[in-house]
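Working notes, beginning with the structure itself.
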Amino acid sequence: LEALQEKVLQAPVRSVPKPEIARLFNRGYSKGYFHAHDPNFINAAFSASWGVKVGEIRERKIRLTEPLRNGDGVVFLDRNLQKLDGLNVGQIQLDETGEVVPEAPRGAWVTLEVPVPSKARFLYRTFDHALDRQITSEMKRARRRTPLSARLTARVGERMEVEFSAEIHGKTVRAVSRSIEPLAVSQKHPTEKAALLDGLSRLGETPFSLDEKRAELDFAPDAFVPRSLLNQLRQEAAAELERKIIEGMKRTPVFLLRRSEKDGSGEERPTQKPLPETDLERKPTISAAVQTLAQAEACRRAGIEKIYRLEPPVHFGSEVRPESNFPFSPLAGSLFDAVEYSRQERRFALDWTFHAANPETLRFFHEAFPHCETFFLSPELSETTVRKLALFAAQNEEFPQVGLPIFGFLYGMFTRKTLFDVPFQRLWNQDGRPVYVTRNSDSENPLETTGSRVYYGNRMDISRRLHASPIPGLSELRLDFTLETPEETEKIVRLVLTRGWIQETPFSYGFEKGIF
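If you're matching positions, the sequence shown starts at 14 in the working numbering and goes up one per residue.
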């Protein structure tokens, strides 16, 4: 262990560009992580960070340590980092030349439009004008949409028809909507091509956009096309196309037991029966995450091949985890684990405690950890959000696969110290929700290496919900075992592999409405 620890500590640190994270924690973008009144970390009046130091003050003269721009919000702080005054910068004068400039570089001596307080020692930026414009611009950018081909038919005496089609994974998906009544003759203005294209292109909040170069319009100028009818047919066709795309990726999860080849111990064990797949289908693997070797062995006997070792969401780098002869799949429960696996260039999975709630977060982790092959979504997300993220990952093959824990006790808290002198204790929090407390015990839980864990007393179980309504795009459904005995663990696994779900009365936690 000492040799392994020394190897980890002596590993070279790679030099990579780092964004100026402090800029993101200005007031308005975050409430900050600290809620104390320590002037070394936080201002005493608010929980938000002061932001970035941009200047030092000597005898009421300001020397910039970072560039300063018109529109920035700044505050004057004394030697104890207490606020004296503040302003939105509207005029910057260079002391050396007397020139008024919109932006002053690092190292310049400048004068602002308000007098510097006599006790001021530092100048901090609380609002970054350039960053604000960048964020605003990014938020206004149109999201990625699937381009559509369109065909419209509008002739007098015939039913009006709108057809949309899209290429999804090399296959053409089509949807058609038709009017109930035939079109009448226009009594006023003739129908124009520009008006029809404009009506077809108003796809609003749908995931589509119209490619006008692939729009075929077969219409008679004397046909009366009410705008309300065009809007109705467009909405119906877009909704039907979206439904067909999603339905094309769905499947009915059927898990059957069959005999397989003998394992290393010479015993036959059941496995999942393979199901036929199409280009738009993805079969989720049933995996498990355990805390004890006995649970791991029970999962393997019951037929699960991919087994993780549960890791705490906080890891102390000074403590080295004991290695195991069991073939666990790598699971990063903390940032320490993710960095270590990346340094070793090992393929691994990121646990749900990283809380990815949007595509941008998935993209960030994909870029930060290119060796990550599976990202587990949080069961605290709503079902709607999980469906959107799973579909997003399925449509972007360069992204890691996404999985979802569907059963087990959820972390409520993690602490390094032992909270109680008994292995398990049932408590109730302020909301009346029961919780279990378990402490570290090398004899009973040899896979735990540090800390105590607090779990919600009700086990989450959304297996039956996903059995009835599968989520397209999920590559892995995970069973988490923490306080279960090996016998209970094996029974639960066999229930999932045979009938697809566990409890008669499931507890979905936040999956139905979402915690955030």
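No residue lacks a Cβ here, since even glycine has one placed at the ideal position from N, Cα and C. Since the model is a prediction, treat every value here as computed from it, not as a measurement.
If you count every other CB in all the chains shown that lies within 10 Å of the CB of residue i, and 16 or more means buried, which is it?
i    : result
P195 : exposed
D231 : exposed
E411 : exposed
I193 : exposed
D85  : buried
A197 : exposed
S482 : exposed
D98  : exposed
P118 : exposed
S131 : exposed
G183 : exposed
T498 : exposed
T495 : buried
T305 : buried
N39  : Confidence in N39 is poor, its pLDDT being 46 and thus under 50, which makes the residue's placement too unreliable to answer from.
R322 : buried
Q414 : buried
F420 : buried
P115 : exposed
S454 : Low local confidence applies: a pLDDT of 47 at S454 is under 50, so the model's placement there is unreliable, and no value is given.
P418 : buried
G513 : buried
E205 : exposed
G416 : buried
E396 : buried
Tell me the rounded alpha-carbon separation between residue i and residue j.
i    : j    : result
P372 : T398 : 10 Å
L402 : A370 : 8 Å
R13  : R247 : It is not possible to answer for residue 13, since the shown part of the chain is limited to 14 through 529.
L479 : L363 : 22 Å
Q516 : L394 : 21 Å
T548 : E489 : As shown, the chain starts at 14 and ends at 529. That puts residue 548 outside it, with no answer to give.
N244 : T185 : 24 Å
E225 : T159 : 13 Å
P340 : A307 : 13 Å
Q408 : G486 : 8 Å
D350 : F361 : 10 Å
V127 : G470 : 58 Å
C312 : E503 : 6 Å
F140 : E72  : 25 Å
R146 : L223 : 29 Å
L94  : L423 : 40 Å
K319 : R491 : 9 Å
K201 : P234 : 11 Å
S521 : S178 : 37 Å
A228 : L165 : 8 Å
H368 : E324 : 15 Å
L144 : K74  : 26 Å
E530 : P343 : Since the first residue shown for the chain is 14 and the last is 529, residue 530 is missing from the structure and cannot be characterised.
K257 : D474 : 29 Å
G346 : T366 : 7 Å
G103 : R92  : 25 Å
V169 : S214 : 23 Å
V88  : E218 : 41 Å
K96  : Q106 : 23 Å
Does residue i have its Cβ less than 7 Å from a Cβ in chain C?
i    : result
R138 : In the displayed structure, chain C is absent; only one protein chain is listed.
Since residue i and residue j should fall inside the 8 Å C-beta cutoff, what is the C-beta to C-beta distance between them, to a whole number of angstroms?
i    : j    : result
R134 : L90  : 7 Å
F524 : P392 : 6 Å
S190 : E249 : 4 Å
P220 : E255 : 7 Å
I317 : A301 : 5 Å
E253 : A188 : 4 Å
L375 : F388 : 6 Å
G68  : R76  : 6 Å
S476 : V509 : 6 Å
A251 : L216 : 6 Å
Checklist entry - If you pair each beta-carbon of the segment 81–89 with each one of the segment 114–123, do three or more pairs fall below 8 Å? => result yes
Checklist entry - How do the segment 345–362 and the segment 383–396 stand: do at least 3 beta-carbon pairs fall below 8 Å, yes or no? => result yes
Item to check | Ranges of the alpha helix (DSSP H) found wholly within the segment 138–199, counting only runs of at least 4 | outcome: 142–153
Checklist entry - For the segment 315–365, which segments carrying the alpha helix (DSSP H) assignment without a break, of at least 4 residues, lie completely within its bounds, in sequence order? => result 348–356
Next on the checklist: Taking contact to mean 3 or more Cβ pairs, one atom from each stretch, closer than 8 Å, check whether the segment 91–110 and the segment 172–189 are in contact.
Outcome noted: no
Checklist entry - Does the segment 232–240 touch the segment 202–214, meaning 3 or more C-beta pairs lie closer than 8 Å? => result yes
Checklist entry - Of all the beta strand (DSSP E) runs that stay within the bounds of the segment 372–433, which reach a length of 3 or more residues? => result 385–389, 414–421, 424–428
Checklist entry - Which runs of the beta strand (DSSP E), 3 residues or longer, sit entirely within the segment 93–136? => result 96–101, 105–107, 122–124
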